[in-house]
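K.L.:
Would you mind keeping the following structure in view while I ask a few things?
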């Protein structure tokens, strides 16, 4: 009420006023009150009367406070989340064709991952920030902006020399805005490629080893066959030698 009294001179000067204030209810609780005032004048311009309307806006104020708190918490979550987050505005040409997208907001993780700063990219298009942006990025984002269907994909960005895993979605019915949550998977992909390369080398070595084993087995089979032939020959020689000895005895 004190605040309303302080604004009375302004009320008299302007002829109207809108004010909101808190008032203690008889039950001990606080109520939010909206005050709408207007001064009525006579035809000669002199003061005639004031028209005042008091409205209880407690429920509206509680809802607004809850909404503001929710928005603050939501923004805080986006700002502090581990993955990068960016909100884009779709850019259309004169023919209504999706041609680019403009930065609206990036969080701290996105700044850390890409090296960009929110104040440097806000309001600029992706082509202004990354002149060599790959066509695949435009295609994927266009698809989500126009259809509203979320997509997830992995793609390399030559400007940052990094590989990203991205989830692109449209938060509302309008095709004017879409969001991207991205993760830097460069190190993971590098490790996967190294593991794949090592596995390919091991596979090649195993194939060479198996081939060598097969060659050794074949050589062993040939050697065994040769030994069997030698044993057979020895048996024949032994038998022939015994026959000669018998004939010598007969003579």
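Residue numbers (the working numbering): 879 to 1129.
A virtual CB, placed ideally from N, CA and C, is assigned to each residue, including glycine.
#1: Quick one: complete alpha helix (DSSP H) runs, 4+ long, within the region 1039-1072?
#2: Here's a check: name, in chain order, each residue in its chain whose Cβ is nearer than 6 Å to the Cβ of residue 1130, leaving out the five neighbours to either side.
#3: Tell me which residue opens and which closes the alpha helix (DSSP H) that residue 1007 is part of.
#4: From residue 1055 to residue 988, what distance separates their C-alpha atoms?
#5: Please report the distance separating the alpha-carbon of residue 892 from that of residue 906.
#6: Answer yes if the region 977-986 comes into contact with the region 1004-1017, meaning at least three C-beta pairs across the two stretches below 8 Å, and no otherwise.
#7: Could you have a look at residue 926 and say whether DSSP puts it in helix, strand or coil?
#8: Do residue 1063 and residue 1041 count as a contact pair if the criterion is CB distance below 8 Å?
#9: If I follow the unbroken beta strand (DSSP E) through residue 896, where does it start and stop?
#10: Among 1049, 925, 894 and 1043, which residue has its Cα nearest to the Cα of residue 965?
#11: Anyone know if the C-beta pair for residue 1046 and residue 1010 falls short of 8 Å?
#12: Would DSSP call residue 1075 helix, strand or coil?
#13: Give the straight-line distance between the Cα atoms of residue 971 and residue 977, rounded to the nearest whole angstrom.
#14: From the DSSP output, which residues share a beta bridge with residue 912?
#15: Helix, strand or coil for residue 997, going by three-state DSSP, please let me know.
#16: Below 8 Å between beta carbons: does that hold for residue 1023 and residue 968?
#17: Can you give the Cα-Cα distance for residue 916 and residue 894, rounded to whole angstroms?
#18: Check this for me: beta carbons of residue 962 and residue 1059, under 8 Å apart or not?
#19: Can you have a look at residue 930 and say buried or exposed, based on whether 16 or more other CB atoms are within 10 angstroms of its CB?
#20: If I measure Cβ to Cβ from residue 927 and keep anything under 7 Å in the same chain, skipping five residues before and after, which residues do I get?
#21: So what's residue 906 in DSSP terms, helix, strand or just coil?
#22: How long is the line joining the alpha carbons of residue 1119 and residue 1099, rounded to whole angstroms?
#23: Taking 6 Å as the limit between beta carbons, can you name the residues of its chain near residue 901, skipping five residues before and five after?
#24: Give me the Cα-Cα distance between residue 1101 and residue 1081, rounded to the nearest whole angstrom.
P.N.:
In this structure, then:
#1: Note on the region 1039-1072: there is no whole alpha helix (DSSP H) run with a minimum of 4 residues.
#2: Outside the modelled stretch of the chain, which goes from 879 to 1129, sits residue 1130, for which no answer is possible.
#3: Looking at the DSSP string, the run of the alpha helix (DSSP H) that includes residue 1007 is 1004-1007.
#4: Distance between the alpha carbons of residue 1055 and residue 988: 18 Å.
#5: Each residue's alpha carbon lies about 34 Å from the other.
#6: Of all C-beta pairs linking the region 1004-1017 to the region 977-986, three or more are shorter than 8 Å, placing the two stretches in contact.
#7: Under the three-state reduction of DSSP, residue 926 is assigned to strand.
#8: The answer is yes: Cβ separation under 8 Å.
#9: Residue 896 -> beta strand (DSSP E) spans 894-902.
#10: When the alpha-carbon of residue 965 is set against those of 1049, 925, 894 and 1043, the nearest one is in 1049.
#11: When the beta-carbon positions are compared, residue 1046 and residue 1010 stay at least 8 Å from each other.
#12: In the structure shown, residue 1075 sits in a helix (DSSP, three-state: H, G or I).
#13: Our two residues, residue 971 and residue 977, have alpha carbons roughly 6 Å apart in a direct line.
#14: Bridge partners of residue 912: 898 and 933.
#15: DSSP places residue 997 in helix when its eight states are reduced to three.
#16: Yes; because the gap between Cβ atoms is below 8 Å, this pair is in contact.
#17: Straight-line Cα distance between these residues: approximately 4 Å.
#18: Contact: yes.
#19: Exposed.
#20: Once the five neighbours on either side are set aside, the close Cβ partners of residue 927 are 918.
#21: Reduced to three states, the DSSP call for residue 906 is coil.
#22: Pairing residue 1119 with residue 1099, the inter-Cα distance amounts to about 30 Å.
#23: Only 909 and 911 meet the Cβ criterion.
#24: So the two alpha carbons sit approximately 30 Å from each other.
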